[in-house]
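In this note's numbering, the protein residues as written are 76 to 774. Virtual Cβ for every residue (Gly too), placed ideally from N, Cα, C. Every value quoted in this text rests on a predicted model; they were computed, and no experiment measured them. One structure below.
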């Protein structure tokens, strides 16, 4: 299907156009005429001869040409027949406003949507909706929009917006950041939200992609869109709802999407460098910031912050530390300048308390900001100046100084106003700052979070990422599963390079004694080897630290007796005899084969405390060594790996290699693997060893 037929139509038919204010047909007709190419906008209404100064046609087939896009403003029950009529004529695009489809959860609505989707595929037609409010194209000045809006066409700001909520799309269209395109994807069962994102990623007029996301239907297209954007260093800002159980339920009931785990989405976002928004205010602020800055990203992950009081500076330091923002010490040249310009009691530290001594000194302000902007050690310059509602001498002086500094240097780094207090934002001040590329962020804590997002995006290097998802070619949603025995589980991962203890399966006391004499020293471990008994300790199926042949024989017999009592129906495939690995730091490594995004790797603090501390990191397979190392740094337990309070550092590289190997195994088995647990993996000063393994597969 050709998405240009809906985003860039040369000709449009508004079906159901009318003059009934408040209706889809009224607004669609009005806004279609407001854009360019009104001479090729046609109205279809079987009972009207004329509307808004244009003739009305009784049907699509009566139009003087086959249009690119049919905008359907009629009730849901009429939509399939209209799609069929349009398809037979050769129409390749449609926007459907009506609700009452799959989002309603009623049988008739589901039937209607199934029929709509089938017809769209039959005719290779790009359909936006149903249950949407439309599309705006600010580049070609096209508005296929079914609800009232205050938006007016303006200059292209390079923002592509898409949302899975009609009301939110309308709200975003009026948020003041302009756009290239605005799309309400609705139920999105033909043209999905990820199709729209992919279109934006390829479109050269779109420099920032802003998304309200509830759920996706085409993981491969979603990954493709994110990959293209990452390779072009095009920011993708996503507000993902449905993270909580109640939020997920609301999402499903809203557009019929399955939202998936919030943690899994976060892991995918991490891989592709997505900027994550926390709420709608955050989404708008981040979109405005990235749009305003364009390609002027910080070259270093460092800040210089200037405030006028000790209290502001202290809060600035606290919030910066909370969000991982780094304020390096000023170089000697800047320190000397500050000593010359500031009162004798001021200290040239970063963050800087410039004191009220320069509050009314525009020239000193200019010199300080100019020096900070020219410093090679500083990636971003921020100021806590408050933008007062009314013009004030304090604001005049500081803003005069800031603007004068920018007028004398080439602005190559972000200069951001991060108000300590919200003073009302006088439009004259905002205009002066904006004309010079200076962005005014949200005041308070949220602003520091947004700067952290800016730095994280600027530091993201897609060349160091795999930028792929291991999506299955088959349906892995099967419910029937089976577990491998521990011996078989270990042998499978061993083939991919995972280090395991020496092991053997014995089926009699004689085999046990022979194996002990031939292949093993002491101590050893004995475990029941049964795919039916996964919780071996509860079944009495584990004996540790066995020191002699006599102890081993006794352990063998005790395990069989206990496990047969625990589950008389369990199939026992002998006893697993295993080298007893020396104790190391216990780490868990696992895989869950997510139904949307494929195998998700997990690593964290392991052993019996894994459910208590929940110190884990997730990442989609496949994974390379650099990604594995970054994954480990996100753990609180990383301090233990790196050597904590005098303890020796452990073999982080070997653990990263194990993660890569497990990822390779998961990718190779993505069509059949359900889940995998290595718990614990012992990490040593040199090397690692997976001592317990469970693998569950789909039948």
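Please classify residue i: is it buried, with 16 or more other beta-carbons within 10 angstroms of its beta-carbon, or exposed?
i, result
"residue 532", "buried"
"residue 402", "buried"
"residue 610", "exposed"
"residue 354", "exposed"
"residue 306", "exposed"
"residue 619", "exposed"
"residue 186", "exposed"
"residue 688", "exposed"
"residue 172", "buried"
"residue 431", "exposed"
"residue 817", "Nothing can be reported for residue 817, as the shown portion of the chain is limited to 76 through 774."
"residue 332", "In this prediction, residue 332 has a pLDDT of 42, which is less than 50 and means its spatial position is unreliable; what the coordinates show is noted afterwards. Under this definition residue 332 is a buried residue."
"residue 643", "exposed"
"residue 772", "buried"
"residue 271", "buried"
"residue 335", "Since pLDDT at residue 335 reaches only 45, below the 50 mark, its modelled position is unreliable, and no value is offered."
"residue 349", "buried"
"residue 345", "buried"
"residue 411", "exposed"
"residue 554", "exposed"
"residue 781", "Residue coverage of the chain in this structure runs from 76 to 774, which leaves residue 781 outside it and unanswerable."
"residue 217", "buried"
"residue 445", "buried"
"residue 485", "exposed"
"residue 357", "buried"
"residue 330", "Residue placement at residue 330 cannot be trusted, given a pLDDT of 37 that sits under 50; the coordinates are not used to answer."
"residue 338", "exposed"
Below 9 Å between beta carbons: does that hold for residue i and residue j?
i, j, result
"residue 660", "residue 343", "no"
"residue 249", "residue 206", "no"
"residue 241", "residue 259", "yes"
"residue 413", "residue 426", "no"
"residue 455", "residue 394", "no"
"residue 707", "residue 730", "yes"
"residue 237", "residue 222", "no"
"residue 81", "residue 168", "yes"
"residue 381", "residue 409", "no"
"residue 304", "residue 284", "yes"
"residue 601", "residue 627", "yes"
"residue 710", "residue 690", "yes"
"residue 154", "residue 203", "no"
"residue 693", "residue 677", "yes"
Comparing C-alpha positions only, which one of the options sits nearest to residue i?
i, options, result
"residue 495", "385, 439, 540 and 454", "385"
"residue 450", "458, 395, 505 and 378", "378"
"residue 466", "500, 455, 483 and 434", "500"
"residue 765", "573, 746, 652 and 604", "573"
"residue 586", "631, 665 and 682", "631"
"residue 559", "768, 669 and 677", "768"
"residue 46", "751, 146 and 441", "Since the first and last residues shown for the chain are 76 and 774, residue 46 lies out of range."
"residue 140", "85, 123, 129 and 111", "85"
"residue 583", "468, 598, 629 and 568", "629"
"residue 539", "457, 699, 637 and 189", "699"
"residue 753", "747, 743, 683 and 704", "683"
"residue 263", "176, 181, 216 and 366", "176"
"residue 774", "748, 755 and 759", "748"
"residue 762", "433, 743 and 724", "724"
"residue 757", "655, 675 and 363", "655"
"residue 254", "273, 213, 459 and 277", "213"
"residue 252", "744, 197, 159 and 366", "366"
"residue 596", "676, 295, 577 and 743", "577"
Determine, using beta carbons only, whether residue i comes closer than 9 Å to chain B.
i, result
"residue 596", "Among the chains in the structure shown there is no chain B, since it carries only a single protein chain."
Pop quiz: residue i and residue j are said to be a contact at Cβ under 8 Å. What is the actual Cβ separation, rounded to whole angstroms?
i, j, result
"residue 571", "residue 740", "4 Å"
"residue 245", "residue 232", "Not quite, the Cβ-Cβ distance comes to about 18 Å (not below 8 Å), so this is no contact."
"residue 90", "residue 157", "6 Å"
"residue 534", "residue 376", "6 Å"
"residue 121", "residue 133", "5 Å"
"residue 406", "residue 437", "Incorrect: roughly 24 Å between the Cβ atoms, too far for contact."
"residue 129", "residue 215", "Not quite, the Cβ-Cβ distance comes to about 20 Å (not below 8 Å), so this is no contact."
Measuring from the CB of residue i, is there a heavy atom of the ligand NAD at a distance below 8 Å?
i, result
"residue 477", "In the structure on display, the ligand NAD does not appear, and there are no ligands present to speak of."
Any beta strand (DSSP E) of 3 or more consecutive residues that is wholly inside the stretch 427 to 475 = 455 to 458
Can you list, in chain order, the stretches of the beta strand (DSSP E) that have 3 or more residues and sit fully within the stretch 481 to 543?
-> 490 to 492
In the stretch 138 to 200, which residue ranges form an unbroken alpha helix (DSSP H) of at least 4 residues, counting only runs that do not cross its ends?
-> Those alpha helix (DSSP H) runs which fall completely within the stretch 138 to 200 and span 4+ residues are 154 to 164 and 182 to 197.
Write down every uninterrupted run of the beta strand (DSSP E) in the stretch 611 to 635 whose length is 3 residues or greater and which is fully enclosed by it, in chain order.
-> 617 to 621
Return the chain-ordered ranges of every alpha helix (DSSP H) run that is complete within the stretch 265 to 328 and spans a minimum of 4 residues.
-> 268 to 277 and 294 to 306
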